[in-house]
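If you read the sequences in order, they're chains A and B. Take the first sequence: its letter number 175 is residue 175 in the working numbering, and every next letter is one higher. In the working numbering, each residue's number is its place in the second sequence (first place is 1) plus 1000. Reading through the structure tokens given below for one structure.
Number of protein chains: 2
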Amino acid sequence: MSKNDSKYISKAVIRRLPRYFRYLRDLLSNDIMRISSKELSERMNVTASQIRQDLNCFGGFGQQGYGYNVKSLYSEISKILGVDKGYKAVIIGVGNLGKALINTPMFEKRGVKLSGLFDVDCDLIGKSFGQLTVMNTDDMETFCRENDISIAILTLPKTEVYDTAIRLASAGVKGFWNFSNAELSLPDYPDVIIENVHLGDSLMALCYEIANA
Amino acid sequence: MSKNDSKYISKAVIRRLPRYFRYLRDLLSNDIMRISSKELSERMNVTASQIRQDLNCFGGFGQQGYGYNVKSLYSEISKILGVDKGYKAVIIGVGNLGKALINTPMFEKRGVKLSGLFDVDCDLIGKSFGQLTVMNTDDMETFCRENDISIAILTLPKTEVYDTAIRLASAGVKGFWNFSNAELSLPDYPDVIIENVHLGDSLMALCYEIANA
């Protein structure tokens, strides 16, 4: 397999792609159709050589003396990131964090369709948020199977995360976006992808920087 | 300056330290006082050589044939991360995300004292959440100055972030934990630290992994 094959993009580059995605989207919304690696590097505060190196990883869309075609670069990065797949997601746990996520345009912008909300709380079940109504977690497996749900967003208490994830993985959920502070792993489902969000790690990085400024 | 000087720890290592911090805290709470790099590597799913390399960066507390003393390693990493500084923080914007953050034990565990809540919404001002009462954002500069606030957590709309941050920086706030999707930068305050949390980037990384599983 060649280095240009998407399977071979390093994890570090992949982690940077969403940032390119955001910057390119901003450029497009400002009708900027062409950009040099130098300009992009100034905006993004990374070196131009880093940008050229990163973007070369998946083919390289830059042209000497012309720069990058913003639209095609954006569309290529979107494709690599799976934006065109139209993954469907459910939120499990409609507490404050769950509610905060429901209200963001984040999903739509990234091609993810928020398709269901689940909670155990009787006071919440039946309540509507935007277009969606909170369902009973008892029904989540059936719902996920019938609606081809790929992503479960876990905004429920740490103690509930593992059992809930096992149930959802057995119902065909392919990826978990886990906001509980538990480090989720599912050894019995090696193909399932888990993105553990540790907000506390980001807070610690900030504290470190302040302490060492 | 030697490589062991904390100022010279690479950014990549710093980004991994909060994870060590979490794992070591779990070990301590399970009364595990000693661990080899091999055991730690199995738990954390990184190579033992990576662990030795990382921990050597700031002195190396391992002892051949004994492993690491969990307590002293935890305390050393805590110190490096600024946990002992007792930074005080305020939340600006008490919407769903702000409320979700108020209720986590995240701050206390990391030595950060949540000291004030601010919002513009008259219906929220005066309301109490735990020990804290929501104040009017008009008063935030005075409060931050008088209470030696180091960190402002920005959970307010994107459009308000820049102006709010400028006001807070001028009131002595040293670091911003920015949850709005805006890429905050404050060129007039070069010493101020900004941690932009882009939750969408994490969602994209998940989608990529699912698409390429």
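Glycine included, each C-beta is placed from N, C-alpha and C at the ideal position.
Put B:Y1208 into one of helix, strand or coil per three-state DSSP. The residue given as residue 1208 of chain B occupies position 208 in the second sequence. DSSP places B:Y1208 in helix when its eight states are reduced to three.
Assuming A:N136 and A:K88 form a contact by the criterion Cβ under 8 Å, report the distance between their Cβ atoms to the nearest whole angstrom. Residue 136 of chain A sits at position 136 when you count from the first residue of the first sequence. Residue 88 of chain A sits at position 88 when you count from the first residue of the first sequence. Actually they do not touch by this definition, with Cβ atoms about 19 Å apart.
Residue range of the beta strand (DSSP E) that B:A1165 falls in? Here residue 1165 of chain B corresponds to residue number 165 of the second sequence, with the count starting at 1. No beta strand (DSSP E) contains B:A1165, which is instead part of the alpha helix (DSSP H) from 1158–1170.
Can you list the residues of chain A that B:K1099 reaches, using a CB-CB cut of under 7 Å? Counted from its first residue, the second sequence places residue 1099 of chain B at position 99. Simply N96.
Is the distance from the Cβ of A:I92 to the Cβ of A:L17 below 8 Å? Sequence index remark: in the first sequence, residue 92 of chain A carries index 92 (1-based). Sequence index remark: in the first sequence, residue 17 of chain A carries index 17 (1-based). No, they are not a contact pair.
For A:N96, which of helix, strand or coil comes out of DSSP? The residue labelled residue 96 of chain A in the question sits at position 96 within the first sequence. Residue state, collapsed to three classes: helix.
8 Å contact criterion, which A:A211 and B:G1082 should meet: CB distance rounded: As a working note, residue 211 of chain A is residue 211 in the first sequence. As a working note, residue 1082 of chain B is residue 82 in the second sequence. With a Cβ gap of about 3 Å, A:A211 and B:G1082 count as contacting.
By the 9 Å beta-carbon criterion, what residues does the stretch 98–123 of chain A contribute toward chain B? G98, K99, A100, L101, I102, N103, T104, P105, M106, F107, K109, R110, G111, V112
Report the CB separation of A:L97 from A:F179 in whole angstroms; it is logged as a contact under 8 Å. What you label residue 97 of chain A is simply residue 97 of the first sequence in a count that begins at 1. What you label residue 179 of chain A is simply residue 179 of the first sequence in a count that begins at 1. About 6 Å separates the two Cβ atoms, so the contact holds.
I believe A:I151 touches A:V134 by the beta-carbon criterion, under 8 Å. Please report the beta-carbon distance rounded to the nearest angstrom. Taking the first sequence and counting its residues from 1, one reaches residue 151 of chain A at position 151. Taking the first sequence and counting its residues from 1, one reaches residue 134 of chain A at position 134. About 18 Å separates the two Cβ atoms, so there is no contact after all.
Are the C-beta atoms of B:F1143 and some chain A residue less than 8 Å apart? Counting from one through the second sequence, the residue named residue 1143 of chain B turns up at place 143. No, its Cβ sits nowhere closer than 8 Å to a Cβ of chain A.
Straight-line Cα distance separating A:I102 from A:D119: Indexing the first sequence from 1 puts residue 119 of chain A at position 119. Indexing the first sequence from 1 puts residue 102 of chain A at position 102. Those two C-alpha atoms are separated by around 14 Å.
So the beta strand (DSSP E) B:N1056 belongs to, where does it begin and stop? Position 56 of the second sequence, counted from the first residue, corresponds to residue 1056 of chain B. Note, B:N1056: premise wrong, no beta strand (DSSP E); alpha helix (DSSP H) at 1048–1056.
Counting only Cβ pairs nearer than 9 Å, list the residues of chain A close to B:D1191. As a first step, residue 1191 of chain B must be located in the second sequence, where it is residue number 191. Those within 9 Å of B:D1191 in chain A are A213.
Using the Cβ count rule (16 or more neighbours within 10 Å means buried), how would you classify B:E1195? Counting from 1 along the second sequence, the entry for residue 1195 of chain B is found at position 195. It counts as buried.
Have a look at the DSSP bridge pairing and note the partners of B:I1216. Summary: the structure shown does not reach residue 1216 of chain B, with chain B confined to residues 1001 through 1213, and so no result is reported for it.
Roughly how many angstroms separate the alpha carbons of B:G1200 and B:Y1162, rounded to a whole number? Start at 1 with the first residue of the second sequence, and residue 1200 of chain B comes out as number 200. Start at 1 with the first residue of the second sequence, and residue 1162 of chain B comes out as number 162. So the two alpha carbons sit approximately 20 Å from each other.
Check the Cβ-Cβ distances between B:C1057 and every residue of chain A, and say whether any is below 8 Å. Counting from one through the second sequence, the residue named residue 1057 of chain B turns up at place 57. Judged by the 8 Å Cβ criterion, B:C1057 is not in contact with chain A.
B:V1134 - containing beta strand (DSSP E), residue span: Position 134 of the second sequence, counted from the first residue, corresponds to residue 1134 of chain B. From DSSP, the beta strand (DSSP E) with B:V1134 extends over 1132–1136.
Verify the CB distance criterion: does A:R19 have a CB-CB separation below 8 Å to chain B? Looking up residue 19 of chain A in the first sequence gives position 19. It does; some Cβ of chain B falls within 8 Å.
My output table needs one value for B:S1115: the three-state DSSP class, helix, strand or coil. Residue 1115 of chain B sits at position 115 when you count from the first residue of the second sequence. If DSSP states are grouped into helix, strand and coil, B:S1115 belongs with the strands.
Buried or exposed (CB count within 10 angstroms, at least 16 for buried), B:M1140: Position 140 of the second sequence, counted from the first residue, corresponds to residue 1140 of chain B. By the 10 Å Cβ count, B:M1140 comes out buried.
Beta-carbon proximity list for B:G1130, same chain, < 7 Å, skipping 5 on both sides: Start at 1 with the first residue of the second sequence, and residue 1130 of chain B comes out as number 130. Only I1102 meet the Cβ criterion.
Hey, quick one: how far does the alpha helix (DSSP H) through B:I1014 stretch, first residue to last? On the second sequence, position 14 is the one that residue 1014 of chain B refers to. That run of the alpha helix (DSSP H) goes 1011–1029.
List the residues of chain B whose Cβ lies closer than 9 Å to the Cβ of A:R25, in chain order. As a first step, residue 25 of chain A must be located in the first sequence, where it is residue number 25. Per Cβ cutoff of 9 Å: no residues; A:R25 is ~10 Å from chain B at best.
Along chain A, in chain order, which residues have C-beta atoms closer than 7 Å to that of B:Y1087? Within the second sequence, numbered from 1, the residue matching residue 1087 of chain B stands at position 87. Those are C207, I210, listed as they occur along chain A.
Taking 8 Å as the CB-CB cut-off, is A:D139 touching chain B? Numbered from its first residue, the first sequence carries residue 139 of chain A at position 139. No, because no Cβ of chain B sits closer than 8 Å to the Cβ of A:D139.
Boundaries (first-last residue) of the beta strand (DSSP E) holding A:Y66: Counting from one through the first sequence, the residue named residue 66 of chain A turns up at place 66. Per DSSP, A:Y66 belongs to no beta strand (DSSP E) and is neither H nor E.
Distance check for B:D1031 and B:L1114, CA to CA, integer angstroms please. If you number the second sequence from 1, residue 1114 of chain B lands on position 114. If you number the second sequence from 1, residue 1031 of chain B lands on position 31. Taking the straight line from one Cα to the other gives about 29 Å.
Inspect the beta-carbon positions of A:G175 and A:I193 and report whether they are closer than 8 Å. Residue numbering aside, residue 175 of chain A sits at position 175 when the first sequence is read from its first letter. Residue numbering aside, residue 193 of chain A sits at position 193 when the first sequence is read from its first letter. Contact: yes.
Do the stretch 1071–1078 of chain B and the stretch 1010–1030 of chain B make contact, defined as three or more Cβ pairs closer than 8 Å? yes
Checking contacts by CB at 8 Å: is B:I1014 closer than that to chain A? To locate residue 1014 of chain B, count along the second sequence from 1; it is residue 14. Closer than 8 Å to some Cβ of chain A, the Cβ of B:I1014 qualifies, so yes.
As a quick exercise: from A:D54, A:G95, A:G86, A:G126, pick the residue whose alpha carbon is nearest that of A:K109. Numbered from 1 along the first sequence, position 109 holds the residue referred to as residue 109 of chain A. Minimum Cα distance to A:K109 is reached at A:G86.
Quick one: is A:C122 buried, meaning 16 or more other Cβ sit within 10 Å of its Cβ, or exposed? Residue mapping note: residue 122 of chain A aligns to position 122 of the first sequence, counting from 1. Exposed.
Quick one: which chain E residues come within Cβ less than 9 Å of B:E1039? In the structure shown, chain E does not exist; the protein chains are A and B.
Which whole-angstrom value is the C-beta distance of B:A1165 and B:L1184, which I expect to be below 8 Å? In the second sequence, residue 1165 of chain B corresponds to position 165, counting from 1. In the second sequence, residue 1184 of chain B corresponds to position 184, counting from 1. Sure, about 6 Å apart at Cβ, within 8 Å.
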